[in-house]
Amino acid sequence: MTTPPFVSRPARSSAVLLAVGLSLTFPAASAQTAGTATLTGRVQNTAGGAALENARVTLAGTNRETFTDAFGEYRFT
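Our numbering puts the first residue of the sequence shown at 3, with every later residue one more than the last.
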């Protein structure tokens with residue numbers, strides 16, 4: 003019967019951190035290649051912080067635009 007090789011605690015910790023890091027990285031990469039994303043935000047008056055309704059919001063470098071709702075919120079999908 004052979005005994006398994008000794009693996010130091012830092013080496014095991016590094017392997018676990020690498021596995022966790024890779025599992026967090028690859029789902030994000032696959033989501034990017036799918037071309038799906040949602041961008042949301044809120045437009046408000048700088049003086050008083052009141053929501054700006056019907057403000058035009060555009061994505062720079064594209065022809066996409068949307069308008070804010072009654073709460074100053076917008077969404078691109």
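Idealized CB from N, CA, C, for every residue including glycine.
These numbers were taken from a predicted model, which means no experiment stands behind them.
Test item: CB-CB of residue i and residue j under 8 Å
| i | j | result |
| --- | --- | --- |
| threonine 42 | arginine 66 | no |
| glycine 74 | leucine 54 | yes |
| alanine 57 | phenylalanine 69 | yes |
Whole-Å CB distance - residue i paired with residue j, under 8 Å assumed
| i | j | result |
| --- | --- | --- |
| threonine 40 | threonine 79 | 5 Å |
Assigned secondary structure, residue i (DSSP; H/G/I helix, E/B strand, else coil)
| i | result |
| --- | --- |
| leucine 41 | strand |
| valine 58 | Looking at the sequence provided, one finds arginine at residue 58 rather than valine. Looking at arginine 58 - three-state DSSP - the assignment turns out to be strand. |
| alanine 49 | coil |
| threonine 64 | coil |
| phenylalanine 73 | coil |
Exposed unless 16 or more other CB atoms sit within 10 angstroms - verdict on residue i
| i | result |
| --- | --- |
| glycine 50 | exposed |
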